[in-house]
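If you want my numbering, it's the 1-based position in the sequence shown plus 501. Using N, Cα and C, we set each Cβ at its ideal position, and we do this for glycine too.
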Amino acid sequence: MRVGILGSGLIGGKLGTIFARAGHEVVFSYARSEQKLKVLARDAKGQARAGTPREIAQEADAVLLAVHWSRIEDVLNQTGDLSGKVIVTCSLPMNDDNTELVVAHTSSGAEELAKMIPKARVVATFNTVPSEVLFGVYEAKRKASRPSQVYCGDDQRAKELAAGLIRDVGFNPVDAGPLRIARYTEPFALPVAQLAYEGKGGPELAYRFEWLRK
Ligand SMILES: NC(=O)c1ccc[n+]([C@@H]2O[C@H](COP(=O)([O-])OP(=O)(O)OC[C@H]3O[C@@H](n4cnc5c(N)ncnc54)[C@H](OP(=O)(O)O)[C@@H]3O)[C@@H](O)[C@H]2O)c1
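Laid out in C-alpha cells, this is it:
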C-alpha cells in the first residue's frame, strides 16, 4: 500500500519508518527541511522517499496526519483535494504549549478535521501512545500478547485499512466505534502522556485492554 506521511516529526517519522519496514511504499512530507525527509526515507530501509503533501494527496492509498493542531490548516492547504482519501490522524487538538486540549468532550480534533475535509474518510488512531514506544512495539510484534491501540471512524473500509496499519506496527487494533468517540479517546492520551513523561517507568509505555470472559 502507498502510505503518505503528512508531518514527519517524532511520531510521523517513526510510524512512516515502521510502515516502510512492514512493506509499504512510504512518502515522507511536511518538515521544515527537505534534507530531514530524505534522511528519514534513506534510514527507513524500505521503499521510502521524500515528497510533497500535494503528491501524497494525489498518490497515496492512506495518509497519516501527524502535525501539531496549529499546523492543520497549513498542511491541508498544501495537500489540495483529499476527496475519497483515507486520513489516519494521530494529531491531538492541543494548545500551543501542549498543556491542554482545545477541543474536547462535545467534539474532538478528529471530528473537527472531518468537517474541514468532508469528502475524506477520517480514522483517529495512534494518538493514545507516546512515539517512544513504537519501535519497541514493532520489535515485539511476534509475541502473543500485543498492546492495544484504539481507533474510531465512520467509514468501515477506511477503518479496516487503518486496522491493518495498526496490526503492521504490532498493536492489537481495538474498534472503539464511530468518529465521535474520538472526543473520549483523545483525552485518554493525556493520562498516558502523564505516566510516560512524568512517571517513573519512562516513555516506552503502551496499554492493553483485556476481556476477562472472552
Ligand atoms: N509525539 C508523540 O508521542 C505523539 C503521541 C500522540 C499524538 N501525537 C500528536 O501527533 C502530532 C505530531 O506530534 P509530534 O510530536 O510528531 O510533533 P513534531 O515532532 O513537532 O512533528 C511535527 C512535524 O510537522 C513539521 N512542521 C511543523 N511546522 C512546520 C512548518 N511550518 N512547515 C513544515 N513542516 C512543519 C515538523 O517539522 P520538523 O521535522 O522540521 O520539526 C515535524 O516534521 C501532534 O498533533 C501530537 O499531538 C504525538
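{"Item": "According to DSSP, simplified to helix, strand and coil, what is E640?", "Value": "helix"}
{"Item": "Check this for me: beta carbons of F529 and I506, under 8 Å apart or not?", "Value": "yes"}
{"Item": "Identify the residues that DSSP records as bridge partners of T590: which are they?", "Value": "L566, A625"}
{"Item": "Along the chain, which unbroken stretches of the alpha helix (DSSP H) at least 4 residues long are found entirely within the region 537-561?", "Value": "554-560"}
{"Item": "In the DSSP assignment, find the unbroken alpha helix (DSSP H) run with Y685 in it and report its ends.", "Value": "683-699"}
{"Item": "Return yes when the Cβ of E613 is within less than 8 Å of the Cβ of V624, no when it is not.", "Value": "no"}
{"Item": "Please determine whether the Cβ atom of I512 lies at a distance below 7 Å from any heavy atom of ligand 1.", "Value": "yes"}
{"Item": "Would DSSP call I512 helix, strand or coil?", "Value": "helix"}
{"Item": "Does the Cβ-Cβ distance between A683 and V589 come in under 8 Å?", "Value": "no"}
{"Item": "Cβ-heavy atom distance between P688 and ligand 1 below 7 Å?", "Value": "no"}
{"Item": "Can you give me the Cβ contacts of N628 inside the same chain, cut-off strictly under 6 Å, excluding the 5 residues immediately before and after it?", "Value": "C591, L593, A690"}
{"Item": "Compute the minimum distance between the beta carbon of A532 and the heavy atoms of ligand 1, and state whether it is under 7 Å.", "Value": "yes"}
{"Item": "Leaving aside the five residues before and after R522 along the sequence, list all residues of the same chain whose C-beta is less than 6 Å from its C-beta, in chain order.", "Value": "G547"}
{"Item": "Thinking E687 and S571 are a contact (beta carbons under 8 Å), I'd like their distance in whole angstroms, please.", "Value": "Going by Cβ atoms, the distance from E687 to S571 rounds to 16 Å, so no, they are not a contact pair."}
{"Item": "Using 8 Å as the threshold, is the region 671-680 in touch with the region 645-653, meaning 3 or more CB pairs across them?", "Value": "yes"}
{"Item": "Using only alpha-carbon positions, find the residue among E640, Y708, Q695, T580 that is nearest to T518.", "Value": "E640"}
{"Item": "I need the straight-line Cα distance from V540 to S509, nearest angstrom please.", "Value": "11 Å"}
{"Item": "Could you tell me whether the Cβ of N599 comes closer than 8 Å to any Cβ of chain D?", "Value": "The displayed structure is made up of one protein chain only, and chain D is not part of it."}
{"Item": "Is it buried or exposed, H606, if we count other Cβ atoms within 10 angstroms and call 16 or more buried?", "Value": "exposed"}
{"Item": "Taking 7 Å as the line, does the beta carbon of K539 fall inside it for any heavy atom of ligand 1?", "Value": "no"}
{"Item": "In angstroms, rounded to a whole number, what distance separates the CA positions of K515 and V630?", "Value": "12 Å"}
{"Item": "Please classify L566 as buried or exposed, where buried requires at least 16 neighbouring CB atoms within 10 angstroms.", "Value": "buried"}
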